[in-house]
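Undergrad: Line by line, the protein sequences give chains U and A. Residue numbering for the first sequence follows this note's numbering, starting at 1 and increasing by one per position. Residue numbering for the second sequence follows this note's numbering, starting at 131 and increasing by one per position. Structure below; questions to follow.
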Amino acid sequence: MSIRVLVGKVGLDGHDRGIKVVARLLRDAGMEVIYTGLFQTPETVALAAIQEDVDAVGLSMLSGAHLTLAPLVVQALRERGSDIPVLVGGIVPSNDLDDLRQAGVAAVFGPGASAREIVAQIRSLVATSP
Amino acid sequence: MDDESPYKRWQRAYEASSLRGAEFTTMSGVPLEPVYGPEDGEFPGTYPYTRGVHPSMYRSRLWTMRMFAGFGTALDTNARFKEIIRAGGTGLSTAFDMPTLLGLDSDDPMSLGEVGRCGVAIDSLADVADLFDGIDLSSITTSMTINSPAAVMLALFVALAEETGVPRAHLGGTLQNDILKEYQAQKEFVFPPRQSMRLVRDTMAFCTAEMPKWNSISVSGYHIREAGSTAAEELAFTLANGFAYVELAREAGLSVDEVAPRLSFFFNAHIDFFEEIAKYRAARRLWAHWLREHYGARDERSWQLRFHTQTAGVSLTAQQPENNIARTAIEALAGVLGGTQSLHTNSLDEALALPSEKAARLALRTQQIIAHETNVAHVADPLGGSWFVEALTDEMAHEAEEIFAEIGALGHGSMLEGCIAGIEQNWFQGRIADSAYQLERLFNEGKRVVVGVNAFLEGNDEEDLAVLRITNEDERRQLGRLAQVRQVRDDDAVARTLARLARDASDPERNLMPALIEAAQSYATVGEMMRTMAGVFGRHVEVPSL
């Protein structure tokens with residue numbers, strides 16, 4: 001069965017080039033991809049992820065709000081008893097990486113990350129998750 | 131007069147121009163002509179302006195070094211503005227944060243984590259006053275990069291200027307106010323397209339009547355390109371949007387010659403040097419032709435496409451960020467050789483964060499080196515006549531005409547209807563996403579090299595740059611400032627002005643600018659004004675598509 005990924009934009013950031021490109025590249029790699037659209041809240045993303053029974057959630061963030069919003073998505077999932085891994089891609093300064101990991105974000109992809117890296121990371125996360 | 135050669139006509143215009151005090155020679159003392167080409171060829175300052183809009187180009191006036199800045203609170207950004215002016219910047223451009231761009235107050239629940247992050251947080255007249263404190267609004271031109279709430283920001287700016295004694299008619303600057311490209315590319319929309327276009331109409335009519343020095347719209351390809359379009363798509367979508375605004379103004383009873391001279395343009399300077407230069411040359415030629423032949427403009431200022439350029443944010447890499455200085459310099463040079471009227475150069479750290487003060491200064495210095503050391507500004511359109519550049523210019527224009535035909539067909543002959551239908555049918559969005567995907571595949575397959583990303587990786591492990599940090603402390607300070615405004619203002623006055631705004635909004639014939647200015651003066655917030663209008667206009671929801 002193919003891996004199912006929900007990709008979403010949380011908050012007010014309208015930059016959707018990255019998320020659309022990544023979504024297509026994941027499809028090329030044989031994954032099933034669901035896109036939430038823009039301006040989602042952490043709750044709407046978590047609910048959609050659970051309802052769609054996805055294997056991973058990918059958030060795309062370029063507005064600098066990642067430290068506030070990504071942990072809220074993880075929290076919203078965990079509060080609902082879900083352990084779906086959350087990945088973040090976008091403009092994330094390297095000194096924010098530790099904070100994101102501590103908040104439960106499984107992986108972060110900065111500018112220039114290749115499709116191969118992203119696909120490999122998702123496959124390994126899904127393989128190791130319970 | 132009619133048998134005068136194009137060269138002689140240009141020469142008379144050139145001799146009537148005032149020139150900067152610079153030596154127009156090479157470094158070694160070789161005297162330079164203001165422009166080169168055959169006597170019967172095309173010259174700058176004459177229709178169709180392929181070679182530039184002014185006969186003397188940068189010999190009269192260098193481009194405006196307009197640096198885009200904004201972060202944190204209005205006080206933070208005011209300090210950065212003053213630093214830019216001290217460093218020799220000649221124009222200002224305000225970057226607003228995401229809540230402001232979407233017409234939300236800083237204390238709106240959706241604003242959490244976004245206040246002051248990507249730009250400056252503006253909630254009310256109090257913030258606008260702090261933003262421009264100590265800056266003479268009658269002497270420096272300001273650009274406001276905002277779209278959905280553009281009319282609100284214009285109202286706040288007019289209210290501030292008049293409070294400080296500068297009449298609105300004296301204000302020079304630009305409102306981005308290009309809502310069509312928001313639905314197509316940048317995606318910071320609030321109201322549905324037609325209701326948004328009503329606000330654009332109102333600002334155009336208002337500026338035409340009351341703000342003769344103000345550019346009412348900056349028709350922007352920049353974001354279309356950053357979202358992933360090709361150069362030809364950027365060119366064609368942008369000009370098509372420009373045609374749509376001209377048609378909108380005509381429908382509102384304004385003549386093309388009343389509005390077209392106050393439209394300016396904004397293009398990307400991407401890393402493909404000659405393609406960009408060809409794009410700018412084609413843009414001028416196409417605009418001149420369409421305005422004269424299709425829209426019947428008679429004022430030559432209507433034919434002249436003036437534009438701002440920004441180097442390509444998307445070309446910057448987080449890896450070995452110092453390399454971005456070289457990329458930005460090459461892109462900026464393309465803008466100058468392409469005849470831009472103003473230029474923003476990105477900072478080396480922008481693939482990591484908002485620019486630090488030092489990085490922003492380096493970016494400005496890059497422009498100053500081009501302007502003052504290289505001598506490239508001595509000769510207009512120095513690449514005109516190059517077989518390659520002329521052929522590429524023709525090719526860009528040809529591709530754009532094909533796209534115009536498609537958009538025209540979507541609108542059954544109307545570019546205005548074509549642009550709106552293209553948005554509603556996801557036509558623009560789909561094309562941009564397709565082009566972005568094609569390019570990304572080339573990177574992933576190694577068919578296009580990006581230094582430091584898919585080749586030449588040595589040095590990628592070096593220590594990180596010191597980047598600008600915007601903390602939750604900035605958000606807290608802004609919330610405090612907003613709470614203070616809400617506390618001291620006259621709530622009854624706010625309620626009255628918002629009620630008038632709602633009434634005026636319900637009458638599609640009415641211009642909303644007077645009601646917005648009154649609301650701004652009463653310290654109604656951006657969020658309150660936008661919410662009031664949304665109550666009448668509704669809100670736009672994009673159907674997600676991949």
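We put the CB at the ideal spot given by N, CA and C, even for glycine. Predicted model only: the values in this text are computed from it and were never measured.
Does the beta carbon of residue 660/A sit closer than 7 Å to a beta carbon anywhere in chain U?
TA: Here residue 660/A refers to the residue found at position 530 of the second sequence. Closer than 7 Å: no.
Undergrad: Look up residue 476/A in the DSSP assignment and give the residues it is bridged to.
TA: If you number the second sequence from 1, residue 476/A lands on position 346. None; residue 476/A has no bridge partner.
Undergrad: So, is the C-beta of residue 131/A closer than 7 Å to a C-beta in chain U?
TA: If you number the second sequence from 1, residue 131/A lands on position 1. Residue confidence for residue 131/A is low, a pLDDT of 49 falling below 50, so the modelled location carries little weight; the figure read from the coordinates is stated next. No, residue 131/A lies away from the interface with chain U (no Cβ there is under 7 Å from its Cβ).
Undergrad: For the pair the segment 507-520 of chain A and the segment 226-234 of chain A, tell me if three or more CB-CB distances fall below 8 Å.
TA: The segment 507-520 of chain A is not in contact with the segment 226-234 of chain A.
Undergrad: In the DSSP output, which residue or residues are listed as bridge partners for residue 305/A?
TA: Position 175 of the second sequence, counted from the first residue, corresponds to residue 305/A. Looking at the DSSP assignment, residue 305/A forms a beta bridge with 274/A.
Undergrad: So which of 474/A, 458/A, 394/A and 263/A has the shortest CA-CA distance to residue 220/A?
TA: What you label residue 220/A is simply residue 90 of the second sequence in a count that begins at 1. Per the Cα distances, 474/A.
Undergrad: As an exercise, report each continuous alpha helix (DSSP H) stretch of at least 4 residues that is fully enclosed by the segment 452-522 of chain A, in chain order.
TA: Segments of the alpha helix (DSSP H) lying fully in the segment 452-522 of chain A: 453-467 and 487-502.
Undergrad: Please tell me whether residue 689/A has its Cβ less than 7 Å away from any Cβ of chain U.
TA: Nothing can be reported for residue 689/A, as the shown portion of chain A is limited to 131 through 676.
Undergrad: How would you list, in chain order, the residues of chain U whose beta-carbon sits under 8 Å from the beta-carbon of residue 447/A?
TA: Counting from 1 along the second sequence, the entry for residue 447/A is found at position 317. Near residue 447/A (Cβ distances below 8 Å), the residues of chain U are 111 and 112.
Undergrad: For residue 93/U, return the contacting residues in chain A, with the cut-off set at a CB-CB distance below 7 Å.
TA: Taking the first residue of the first sequence as position 1, residue 93/U is located at position 93. The contacting residues are 482, 483 and 597.
Undergrad: Is the distance from the Cβ of residue 167/A to the Cβ of residue 443/A below 7 Å?
TA: Numbered from its first residue, the second sequence carries residue 167/A at position 37. Numbered from its first residue, the second sequence carries residue 443/A at position 313. Cβ distance not < 7 Å, so residue 167/A and residue 443/A don't count as in contact.
Undergrad: When the distance is taken between beta carbons, is residue 676/A closer than 7 Å to residue 23/U?
TA: For the purposes of this step, residue 23/U is taken as residue 23 along the first sequence, with counting starting at 1. For the purposes of this step, residue 676/A is taken as residue 546 along the second sequence, with counting starting at 1. In contact: residue 23/U and residue 676/A (Cβ atoms closer than 7 Å).
Undergrad: Alpha carbons only, please: which of 58/U, 66/U, 69/U and 76/U is nearest the one belonging to residue 19/U?
TA: For the purposes of this step, residue 19/U is identified with residue 19 of the first sequence, where counting begins at 1. It is 58/U.
Undergrad: Taking contact to mean 3 or more Cβ pairs, one atom from each stretch, closer than 8 Å, check whether the segment 330-340 of chain A and the segment 534-554 of chain A are in contact.
TA: Verdict: no, contact absent.
Undergrad: Mind checking who residue 223/A pairs with in its DSSP beta bridge?
TA: On the second sequence, residue 223/A is found 93 positions in, with the first residue counted as 1. DSSP output for residue 223/A lists 198/A and 273/A as bridge partner(s).
Undergrad: Pull up the distance between the alpha-carbon of residue 54/U and that of residue 316/A, whole angstroms please.
TA: Counted from its first residue, the first sequence places residue 54/U at position 54. Counted from its first residue, the second sequence places residue 316/A at position 186. Roughly 28 Å between the two C-alpha positions.
Undergrad: To the nearest angstrom, how far is the alpha carbon of residue 294/A from that of residue 589/A?
TA: Here residue 294/A refers to the residue found at position 164 of the second sequence. Here residue 589/A refers to the residue found at position 459 of the second sequence. Cα to Cα, the separation comes out at about 52 Å.
Undergrad: Are residue 70/U and residue 88/U closer than 7 Å when you measure CB to CB?
TA: As a working mapping, residue 70/U is identified with position 70 in the first sequence. As a working mapping, residue 88/U is identified with position 88 in the first sequence. Closer than 7 Å, so yes.
Undergrad: Closest to residue 287/A by C-alpha separation, out of 665/A, 200/A and 651/A, would be which residue?
TA: Position 157 of the second sequence, counted from the first residue, corresponds to residue 287/A. Of 665/A, 200/A and 651/A, the residue nearest in Cα terms is 651/A.
Undergrad: Once you ignore the five residues that flank residue 494/A on each side, which residues in its own chain have a CB closer than 8 Å to its CB?
TA: Taking the first residue of the second sequence as 1, we reach residue 494/A at position 364. Answer for residue 494/A: 195, 197, 214, 217, 218, 219 and 475, listed in chain order.
Undergrad: Whose CA, out of 106/U, 17/U and 2/U, lies closest to the CA of residue 9/U?
TA: As a working mapping, residue 9/U is identified with position 9 in the first sequence. If we check each option's Cα against that of residue 9/U, 17/U comes out closest.
Undergrad: With 9 Å as the limit, tell me which residues of the segment 66-93 of chain U have their beta carbon closer than that to any beta carbon of chain A; keep them in chain order.
TA: Residues 66, 67, 68, 69, 72, 91, 92 and 93.
Undergrad: Count the other CB atoms, across all protein chains shown, that sit within 10 Å of the CB of residue 518/A; report buried if there are 16 or more and exposed otherwise.
TA: As a working mapping, residue 518/A is identified with position 388 in the second sequence. The residue in question, residue 518/A, is exposed, as its Cβ has fewer than 16 Cβ neighbours within 10 Å.
Undergrad: Decide if the segment 272-282 of chain A is in contact with the segment 304-322 of chain A; the criterion is three or more beta carbon pairs, one per stretch, under 8 Å apart.
TA: A contact exists between the segment 272-282 of chain A and the segment 304-322 of chain A.
Undergrad: Look at residue 253/A and residue 655/A and say whether their C-beta atoms are less than 7 Å apart.
TA: On the second sequence, position 123 is the one that residue 253/A refers to. On the second sequence, position 525 is the one that residue 655/A refers to. Yes.
Undergrad: Could you have a look at residue 254/A and say whether DSSP puts it in helix, strand or coil?
TA: Mapped onto the second sequence, residue 254/A falls at position 124. Coil.
Undergrad: Where do the ends of the beta strand (DSSP E) carrying residue 396/A lie?
TA: Within the second sequence, residue 396/A is the residue found at index 266, counting from 1. Residue 396/A -> beta strand (DSSP E) spans 393-399.
Undergrad: Does the distance from the CB of residue 272/A to the CB of residue 222/A come in under 7 Å?
TA: Counting from 1 along the second sequence, the entry for residue 272/A is found at position 142. Counting from 1 along the second sequence, the entry for residue 222/A is found at position 92. For residue 272/A and residue 222/A, yes; Cβs fall inside 7 Å.
Undergrad: Can you check the segment 602-637 of chain A for any alpha helix (DSSP H) of at least 4 residues that lies completely inside it and give the ranges in chain order?
TA: 602-618 and 621-636, all fully within the segment 602-637 of chain A.
Undergrad: Let me confirm a value: residue 354/A is counted as buried when at least 16 other C-beta atoms fall within 10 Å, else exposed. Which label applies?
TA: In the second sequence, the residue the question calls residue 354/A occupies position 224. So residue 354/A counts as buried.
Undergrad: Closer than 7 Å, CB to CB, is residue 566/A near chain U or not?
TA: Sequence index remark: in the second sequence, residue 566/A carries index 436 (1-based). Taking Cβ atoms only, chain U reaches closer than 7 Å to residue 566/A, which makes this a yes.
Undergrad: With distances taken Cα to Cα, identify the nearest neighbour of residue 586/A among 149/A, 282/A, 453/A and 409/A.
TA: Locating residue 586/A in the second sequence gives position 456, counting from the first residue. Checking every option, the nearest Cα to that of residue 586/A belongs to 453/A.
Undergrad: Looking at residue 72/U: is its Cβ nearer than 7 Å to the Cβ of residue 91/U?
TA: Position 72 of the first sequence, counting from 1, holds the residue named residue 72/U. Position 91 of the first sequence, counting from 1, holds the residue named residue 91/U. Taking 7 Å as the Cβ cut-off, residue 72/U and residue 91/U do not qualify as a contacting pair.
Undergrad: With a threshold of 7 Å between beta carbons, is residue 11/U in contact with chain A?
TA: Taking the first residue of the first sequence as 1, we reach residue 11/U at position 11. By this cut-off, residue 11/U is an interface position.
Undergrad: Identify whether residue 61/U lies in helix, strand or coil by the three-state DSSP scheme.
TA: Position 61 of the first sequence, counting from 1, holds the residue named residue 61/U. Residue 61/U falls in the strand class under three-state DSSP.
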